[in-house]
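So the sequence shown is numbered by full-length UniProt numbering: it starts at 1 and just counts up by one.
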Amino acid sequence: MDDLVARWVALAGEETRRIGADLADRYGEEHRRYHTREHLVAVLDLVDELAGHADDPDLVRLAAWFHDAVYDPRRGDNEERSAVKAERVLADTDLPPEAIAEVARLVRLTATHTPGPADRNGQVLCDADLAILGADAERYAAYAAAVRSEYAFVPEEHFNAARADILRSLLAKPTIFHTPPARERFERRARRNLHQELSRLESALGR
């Protein structure tokens, strides 16, 4: 927790420590199983690795901090609510309005993960957020189980059908990853993981 807040301070300044502490607390909420501090750190680490492919890496880092700031699996507007929180909280800092607007835009982009071909900031954030899809089989299985746990209130058949739709939409993309390093590192394994999970879900659904 302290290391995470220190990471925020290094990015945004000591005078904003309370913002970093609040965000770190949010990623530690009890109902989270995947969208946790560990996920935030993983996204931040990969943004650092891909920083050279962004137009403004620090704004991407800020967006990474806010992208799951609001997370309630029972709602479908978490990205919008997280973006609004970013706009409201960052308005009390010395960040210029156009930078705040860019952070909020990037947060909203994580609802679809569809950055344009010239959207270098969006490509880096989306690749970092989806990198878990290209993890090794054991880590991917743990991720899928954690997501299921977050949606434990959803009946099995309904969850399986909705999850299968998400996987199909990802597999239908020409590429899941956008920056060359992420595409080279994650694309093939991500597609294999997604196909394998989809096959299990469709079997459970009797398809």
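Backbone N, C-alpha and C fix where the C-beta goes; we use that ideal spot for every residue, glycine too.
Handout entry: Coil, strand or helix - K173 by DSSP
Key = Residue numbering aside, residue 173 sits at position 173 when the sequence shown is read from its first letter. Residue state, collapsed to three classes: coil.
Problem - Cβ contact (3+ pairs, closer than 8 Å) linking the stretch 85-93 and the stretch 116-136 - result: no
Problem - Beta-carbon separation (whole angstroms), G122 vs R185, contact threshold 8 Å - result: Stepping through the sequence shown from its first residue, residue 122 is reached at position 122. Stepping through the sequence shown from its first residue, residue 185 is reached at position 185. Incorrect: roughly 19 Å between the Cβ atoms, too far for contact.
Practice task
Would you mind working out which of E49, W65 and L194 sits nearest R139, comparing C-alpha positions?
Solution key: Mapped onto the sequence shown, residue 139 falls at position 139. Nearest C-alpha to R139: L194.
Exercise for the section: Say whether the stretch 45-55 touches the stretch 16-27, bearing in mind that this needs 3 or more beta-carbon pairs closer than 8 Å, one atom from each stretch. Expected result: no
Practice task
Answer yes or no: do E197 and A144 have a C-beta to C-beta separation smaller than 7 Å?
Solution key: Here residue 197 refers to the residue found at position 197 when the sequence shown is read from its first residue. Here residue 144 refers to the residue found at position 144 when the sequence shown is read from its first residue. Going by C-beta atoms, E197 is nearer than 7 Å to A144.
Practice task
Please say whether L59 and V124 have beta carbons closer to each other than 7 Å?
Solution key: Position 124 of the sequence shown, counted from the start, is the residue given in the question as residue 124. Position 59 of the sequence shown, counted from the start, is the residue given in the question as residue 59. Cβ distance not < 7 Å, so V124 and L59 don't count as in contact.
Problem - Three-state class that DSSP yields for V154 in the structure shown - result: As a position in the sequence shown, residue 154 is number 154, starting the count at 1. DSSP places V154 in coil when its eight states are reduced to three.
Problem - Distance between D25 and D2 (C-alpha atoms, nearest Å) - result: As a working note, residue 2 is residue 2 in the sequence shown. As a working note, residue 25 is residue 25 in the sequence shown. Roughly 11 Å separates the two Cα atoms.
Problem - Under 7 Å between C-beta atoms of V70 and R81 - result: For the purposes of this step, residue 70 is identified with residue 70 of the sequence shown, where counting begins at 1. For the purposes of this step, residue 81 is identified with residue 81 of the sequence shown, where counting begins at 1. Yes, these two residues count as a Cβ contact at 7 Å.
Exercise for the section: Following the continuous alpha helix (DSSP H) through I19, name the residue where it begins and the one where it ends. Expected result: Position 19 of the sequence shown, counting from 1, holds the residue named residue 19. Per DSSP, I19 belongs to the alpha helix (DSSP H) from R17 to Y27.
Handout entry: For residue 226, three-class secondary structure by DSSP
Key = Residue coverage of the chain in this structure runs from 1 to 207, which leaves residue 226 outside it and unanswerable.
Handout entry: Counted within 10 angstroms of its Cβ, other Cβ atoms place L201 as buried (16 or more) or exposed
Key = Taking the first residue of the sequence shown as 1, we reach residue 201 at position 201. Classification for L201: buried.
Problem - CA-to-CA distance, E98 to P73, given in whole angstroms - result: Position 73 of the sequence shown, counting from 1, holds the residue named residue 73. Position 98 of the sequence shown, counting from 1, holds the residue named residue 98. Approximately 30 Å, taken between the alpha carbons.
Handout entry: Where the alpha helix (DSSP H) through D127 begins and ends
Key = By one-based count along the sequence shown, residue 127 stands at place 127. Unbroken alpha helix (DSSP H) run through D127: R120 to L130.
Problem - DSSP three-state assignment for A204, whether helix, strand or coil - result: The residue you call residue 204 lines up with position 204 of the sequence shown. DSSP places A204 within a helical segment (H, G or I) once states are collapsed to three.
Exercise for the section: Could you tell me the distance, in whole angstroms, from the CA atom of N78 to the CA atom of D68? Expected result: Here the question's residue 78 lines up with position 78 in the sequence shown. Here the question's residue 68 lines up with position 68 in the sequence shown. One C-alpha to the other measures close to 7 Å.
Problem - Buried or exposed (CB count within 10 angstroms, at least 16 for buried), R75 - result: Against the sequence shown, residue 75 aligns to sequence position 75. Under this definition R75 is an exposed residue.
Practice task
With D55 as the anchor, note down where its alpha helix (DSSP H) starts and where it stops.
Solution key: Position 55 of the sequence shown holds residue 55. Neither: D55 is in no alpha helix (DSSP H) and is coded neither H nor E.
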